[in-house]
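Protein sequences, first through last, are from chains P and Z.
Per this note's numbering, the first sequence starts with residue 58, numbered consecutively.
Per this note's numbering, the second sequence starts with residue 494, numbered consecutively.
Working notes, structure below.
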Amino acid sequence: MIDRTHRRRTALAGAAGAGIIAVVIALPLNGQAAASSVKCPQRIVSISPTATEDLFAIGAGPRVVAVDSDSNYPAAAQRVRKPGLVAYTPSAEAILGTYRPNLVIVSYDANHVVEGLRKGGVRVLFENTAANLSGAYNQIEAIGAATCRLGAARAEVGSIKRQIASVARAARPLAAGLTYYDEISAPAQSQNPYAASSRSFIGQLFGLLGMRNITNDPSGYPALSQEAIIASNPQLMFLSDNQPLDGGVTPKSVRSRTGWSSISAVAHNAIYGLNDDAASRWGPRVTVLIRQIASSVRTYRRQH
Amino acid sequence: MTTVPITDIPERAPAGLPRVHVRDAVLIAASIVLLAVTMLAGLFVGAVNIPPQDIVGDLLSRIPGVGIQSPLSHVDQVIVWQLRLPRVVLGALVGGMLALCGAAYQGIFRNPLADPYLLGVAAGAGLGATIAIVYAISFTLAGMGALPMFAFAGALLAVGLAYAVGRSVGAGRSATTLVLGGVAVAAFLTAMQTFLQQRHTDQLALIYNWILGSVATAGWSSVLTMLPYAVIALIVILLHGRLLDVMGLGDDAAQTLGVRTGQVRLLVIGAVTIGTAAAVAVTGLIGFVGLIVPHFVRLLGIRTHRTLLPLSMLLGASFLVLCDLVARTVVSPSELPIGVVTAIIGAPAFAMVLRTSRVDA
């Protein structure tokens with residue numbers, strides 16, 4: 058009997074001890090995270106190809122210590138590109154421990170990375186895919202504000218706006234009214250391809266030139282039936298995913314699709330590849346994108 | 494109708510069984526040790542190399558009056574106590590819950606292919622999570638974010654529907670109609686999820702990431718969110734251990750022994766659903782654990798649910814902690830989806846046990 062009581066007491070003491078240790082561990086950690094706020098971040102990590110382009114465009118590049126595997130532009134970013142840092146499967150522990158950042162910019166919050174980094178006292182900018190140009194401008198300025206480069210960021214935004222306006226002004230007379238189809242992802246076998254509609258980010262650029270998208274789907278990136286594409290008979294076709302090496306399509310592969318030869322754009326060879334990366338980001342290279350569109354229209358007008 | 498009190502079912506067969514009891518106790522003790530070892534390994538090993546002695550030193554420095562300086566920097570402290578430890582604990586909790594629930598379902602449905610997702614938990618949670626993601630629903634209620642809450646609600650709804658459909662068919666008490674109800678509900682909800690995904694392709698990566706599952710967490714909120722449901726499920730399921738043995742004889746035989754099979758099934762389904770839904774809500778869909786771990790335990794020769802259930806839980810916990818350790822270190826600074834690791838490590842290991850085992854599972 059005594060023995061049993063003793064054992065129970067030991068067990069109770071053990072449980073109490075474990076509880077105390079747990080509290081001791083947990084207490085000092087709460088509230089520490091907020092303490093280390095850095096005014097001008099000296100160690101910046103970008104896990105967003107768009108943010109990487111923004112950072113280098115506004116002169117914060119020298120303070121960037123690591124960028125993700127997809128951040129392939131500009132050339133200066135290559136020096137700090139980390140092939141193992143994949144935006145879709147980030148590890149807060151690895152980012153904190155390996156790069157010791159004081160600012161991290163992400164466009165995608167997987168694995169609780171945002172919360173984990175903030176717990177580590179790191180400032181995190183979560184810059185989700187921009188829906189339109191003004192969203193993209195806001196992000197550049199937000200990144201400028203966070204990196205003490207607000208003036209440069211505002212100047213960059215002003216420059217992008219001026220370039221876009223001037224390209225649009227020059228190309229609009231040629232482009233207005235042309236119908237187009239922008240394919241962002243090829244159909245696998247007999248499946249339906251995904252298009253960028255007039256309501257998408259890139260659709261807005263086409264709209265500035267007065268061009269008419271074959272779809273105004275509000276989701277931005279609908280899967281269209283091949284039947285609908287053929288029936289809408291676009292005059293121009295743009296390919297945003299046109300690198301055969303990573304599964305993209307080429308004008309040749311589009312021409313070989315069954316039934317597509319009746320589409321005006323295919324019949325008249327008006328299929329144009331866009332810069333894959335510029336077409337899928339919302340950074341400073343929107344100017345590259347709109348220039349490509351304008352030059353495709355000029356080519357089209359010369360030939361027809 | 495006479496009802497035989499449950500306690501009248503003989504607790505042990507007259508001969509030979511004490512040895513089995515000793516063996517079971519030894520196995521459970523060994524599993525507890527194994528879990529402790531894997532959890533310590535999970536705490537000491539990570540994407541960032543922090544020496545174990547420094548972690549111990551940091552722990553000692555927190556004890557008032559010891560008066561030693563922590564050898565860890567602030568960032569390392571956050572990594573160890575706010576990122577790694579909660580993750581290890583969550584992995585153990587989820588792995589244990591899935592394996593326990595799998596064992597319980599295999600018991601009440603007398604179906605070796607039953608896993609915790611059998612009645613549509615995965616499909617319902619998937620639809621709930623997809624809705625939260627594509628409509629960018631964001632709020633926090635009682636420490637629970639919108640995504641886990643939608644996933645949790647979706648899972649409960651799916652199983653409720655499956656149960657209603659199953660009960661509405663004929664006699665309604667048979668396990669098979671419940672399973673078929675689950676199949677129908679899962680197909681319907683998965684189709685709705687696919688439709689939503691297809692309408693919101695820009696969010697595909699996030700949905701996909703959730704489906705693949707991950708015990709990555711930051712801080713203790715996920716653990717605390719899941720804990721109460723896990724405890725309820727654990728208590729209810731473990732209390733039904735002996736009844737599951739009886740139900741293994743078949744519904745008719747169990748009923749003649751006085752077991753209300755419909756009621757037991759409903760209670761166990763309720764407990765499994767709450768436990769699995771909570772696990773899925775915080776970590777996404779992690780496959781394989783709930784199916785394979787209970788079979789592994791059976792291959793060890795364990796038959797009675799009173800041993801099978803706790804042993805499955807302990808080994809499931811160790812297994813998932815170990816898989817997560819692999820998932821977060823082999824491709825660091827990136828991570829592997831944990832579902833990939835559970836299958837890549839688990840399937841060959843299980844096949845080997847299956848080959849060498851002489852026990853008929």
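For glycine and all other residues, C-beta sits at the position ideal for the given N, C-alpha and C.
This one's a predicted model, so the numbers in the text were calculated from it and none came from an experiment.
- Task: Could you please give me the residues that DSSP links to N270 of chain P through a beta bridge?
- Result: Position 213 of the first sequence holds residue 270 of chain P. BP columns for N270 of chain P point to P:Y237.
- Item | Per-residue DSSP class, three states only, for G734 of chain Z | Stepping through the second sequence from its first residue, residue 734 of chain Z is reached at position 241. Helix.
- Run of the beta strand (DSSP E) containing R180 of chain P, from where it starts to where it stops: On the first sequence, residue 180 of chain P is found 123 positions in, with the first residue counted as 1. That run of the beta strand (DSSP E) goes 180–183.
- Message: Measuring straight from C-alpha to C-alpha, what distance separates I838 of chain Z and V814 of chain Z?
- Response: Locating residue 838 of chain Z in the second sequence gives position 345, where the first residue counts as 1. Locating residue 814 of chain Z in the second sequence gives position 321, where the first residue counts as 1. Going by the C-alpha atoms only, they are around 12 Å apart.
- Task: Measure the beta-carbon distance from V716 of chain Z to A592 of chain Z and round it to whole angstroms, keeping in mind my assumption that it falls under 8 Å.
- Result: Residue 716 of chain Z sits at position 223 when you count from the first residue of the second sequence. Residue 592 of chain Z sits at position 99 when you count from the first residue of the second sequence. Actually they are not in contact, since the Cβ atoms of V716 of chain Z and A592 of chain Z sit about 18 Å apart, beyond 8 Å.
- Message: Alpha carbons only, please: which of Z:G550, Z:I626, Z:L818 is nearest the one belonging to Y701 of chain Z?
- Response: Residue 701 of chain Z sits at position 208 when you count from the first residue of the second sequence. Per the Cα distances, Z:I626.
- Using a C-beta to C-beta distance shorter than 7 Å, which residues of chain P count as neighbours of D695 of chain Z? By 1-based counting over the second sequence, the position of residue 695 of chain Z is 202. Correct list: T186, G277, Y278.
- Leaving aside the five residues before and after V846 of chain Z along the sequence, list all residues of the same chain whose C-beta is less than 8 Å from its C-beta, in chain order. Locating residue 846 of chain Z in the second sequence gives position 353, where the first residue counts as 1. Closer than 8 Å at Cβ, skipping near neighbours: F789, L792.
- Task: Could you name the residues of chain Z that T109 of chain P contacts, counting a contact when the two beta carbons are closer than 8 Å?
- Result: As a first step, residue 109 of chain P must be located in the first sequence, where it is residue number 52. Chain Z residues near T109 of chain P: none, gap ~16 Å exceeds 8 Å.
- Message: Against chain Z, with Cβ distances strictly below 9 Å, would R180 of chain P count as a contact?
- Response: Locating residue 180 of chain P in the first sequence gives position 123, where the first residue counts as 1. For R180 of chain P, the closest Cβ of chain Z is not nearer than 9 Å.
- Task: Report all residues from its chain with a CB closer than 6 Å to the CB of G170 of chain P; omit the five preceding and five following residues, and keep chain order.
- Result: Counting from 1 along the first sequence, the entry for residue 170 of chain P is found at position 113. Contrary to the premise, residue 170 of chain P reads as Val rather than Gly in this sequence. Non-local beta-carbon contacts of V170 of chain P in its own chain, meaning distances under 6 Å to residues more than five positions away in sequence, involve P147, A149 in chain order.
- Query: Could you give the C-beta distance for P279 of chain P and S254 of chain P, rounded to a whole number, given that I count them as a contact under 8 Å?
  - Reply: Position 222 of the first sequence, counted from the start, is the residue given in the question as residue 279 of chain P. Position 197 of the first sequence, counted from the start, is the residue given in the question as residue 254 of chain P. Yes, they are in contact, since the Cβ atoms of P279 of chain P and S254 of chain P sit about 6 Å apart, within 8 Å.
- Message: So if I threshold CB-CB distances at 8 Å, which residues from the segment 676–707 of chain Z count as touching chain P?
- Response: Q691, R692, H693, T694, D695, A698, L699, N702, S707
- In the DSSP assignment, what residue or residues form a beta bridge with F295 of chain P? Indexing the first sequence from 1 puts residue 295 of chain P at position 238. Paired residue(s): P:D239, P:Y329.
- Item | Residues from the segment 135–151 of chain P in contact with chain Z, defined by Cβ distance under 8 Å | K139, G141, L142, V143, Y145, T146, P147, S148, A149, E150, A151
- Which chain Z residues sit within Cβ distance under 8 Å of R342 of chain P? Residue 342 of chain P sits at position 285 when you count from the first residue of the first sequence. Result: empty, since nearest Cβ-Cβ is about 19 Å, beyond 8 Å.
- Buried/exposed call for K139 of chain P, threshold 16 Cβ in 10 Å: Along the first sequence, one-based indexing puts residue 139 of chain P at 82. Counting Cβ neighbours within 10 Å, K139 of chain P comes out buried, since at least 16 surround it.
- Would you call the segment 710–727 of chain Z and the segment 653–662 of chain Z touching, i.e. three or more CB-CB distances under 8 Å? These segments do not touch.
- Task: Ignore the nearest five residues each way along the sequence and tell me which others in A123 of chain P's own chain have a CB closer than 7 Å to its CB.
- Result: The count along the first sequence starts at 1 and reaches residue 123 of chain P at position 66. Excluding positions up to five away in sequence, the list reads V102, V137, K139, L142, Y156.
- Buried versus exposed call for Y237 of chain P [16 or more other C-beta atoms within 10 Å across all chains shown]: By 1-based counting over the first sequence, the position of residue 237 of chain P is 180. With 16 or more other Cβ atoms within 10 Å, it is buried.
- Opening and closing residue of the beta strand (DSSP E) in which L369 of chain P lies: Lying before the first or after the last residue shown, residue 369 of chain P is absent from chain P, which here runs from 58 to 361.
- Message: For A351 of chain P and V224 of chain P, which I take to be in contact (beta-carbon distance under 8 Å), what is that distance rounded to the nearest angstrom?
- Response: The residue you call residue 351 of chain P lines up with position 294 of the first sequence. The residue you call residue 224 of chain P lines up with position 167 of the first sequence. Going by Cβ atoms, the distance from A351 of chain P to V224 of chain P rounds to 5 Å, so yes, they are a contact pair.
- At what residues does the alpha helix (DSSP H) containing I286 of chain P begin and finish? For the purposes of this step, residue 286 of chain P is identified with residue 229 of the first sequence, where counting begins at 1. 283–289 is the extent of the alpha helix (DSSP H) around I286 of chain P.
- Rounded separation between A648 of chain Z and G260 of chain P - CA only: Within the second sequence, residue 648 of chain Z is the residue found at index 155, counting from 1. Within the first sequence, residue 260 of chain P is the residue found at index 203, counting from 1. The alpha-carbon atoms of A648 of chain Z and G260 of chain P are separated by roughly 38 Å.
- Item | Buried versus exposed, by CB contacts within 10 Å (16 or more), V739 of chain Z | As a working note, residue 739 of chain Z is residue 246 in the second sequence. With 16 or more other Cβ atoms within 10 Å, it is buried.
- Message: By the DSSP assignment, the beta strand (DSSP E) with V121 of chain P in it spans what residues?
- Response: Here residue 121 of chain P is taken as the residue at index 64 of the first sequence, counted from 1. Run containing V121 of chain P: 121–124, per the beta strand (DSSP E) assignment.
- Message: Quick check: the segment 758–773 of chain Z against the segment 605–613 of chain Z, are at least 3 beta-carbon pairs closer than 8 Å?
- Response: yes
- Query: With 9 Å set as the bound, which would you pick, yes or no: does the beta-carbon of L576 of chain Z sit closer than that to a beta-carbon of chain P?
  - Reply: Locating residue 576 of chain Z in the second sequence gives position 83, counting from the first residue. Output row for L576 of chain Z: interface = yes.
- With a 10 Å radius around its C-beta and 16 neighbouring C-beta atoms as the bar for buried, classify E213 of chain P as buried or exposed. Position 156 of the first sequence, counting from 1, holds the residue named residue 213 of chain P. Buried, since its Cβ has 16 or more Cβ neighbours within 10 Å.
- Mark L553 of chain Z as exposed unless 16 or more other C-beta atoms lie within 10 angstroms of its C-beta, in which case mark it buried. For the purposes of this step, residue 553 of chain Z is identified with residue 60 of the second sequence, where counting begins at 1. L553 of chain Z counts as exposed, since fewer than 16 other beta carbons sit within 10 angstroms of its beta carbon.
- Quick one, which residues of the segment 811–826 of chain Z are near chain P if we go by CB-CB under 7 Å, in chain order? If the cut-off is 7 Å between Cβ atoms, the segment 811–826 of chain Z has R821, V824, S825, P826 near chain P.
- Query: Closer than 9 Å, CB to CB, is M58 of chain P near chain Z or not?
  - Reply: As a working note, residue 58 of chain P is residue 1 in the first sequence. Low local confidence applies: a pLDDT of 45 at M58 of chain P is under 50, so the model's placement there is unreliable, and no value is given.
- Message: As a quick exercise: from Z:D569, Z:Q690, Z:P605, pick the residue whose alpha carbon is nearest that of P544 of chain Z.
- Response: Position 51 of the second sequence, counted from the start, is the residue given in the question as residue 544 of chain Z. Ranking the options by Cα distance to P544 of chain Z, first place goes to Z:D569.
- Query: Would H169 of chain P count as contacting chain Z if we go by Cβ distances under 9 Å?
  - Reply: Taking the first residue of the first sequence as position 1, residue 169 of chain P is located at position 112. Chain Z, which has a Cβ nearer than 9 Å to the Cβ of H169 of chain P, makes this yes.
- Task: Could you name the residues of the segment 292–310 of chain P whose beta carbon sits closer than 7 Å to any beta carbon of chain Z, in the order they occur along the chain?
- Result: none
- At 8 Å on the CB atoms, spell out the chain P contacts of V568 of chain Z, in chain order. Along the second sequence, one-based indexing puts residue 568 of chain Z at 75. Per Cβ cutoff of 8 Å: L153, G154, R157, G177, G178.
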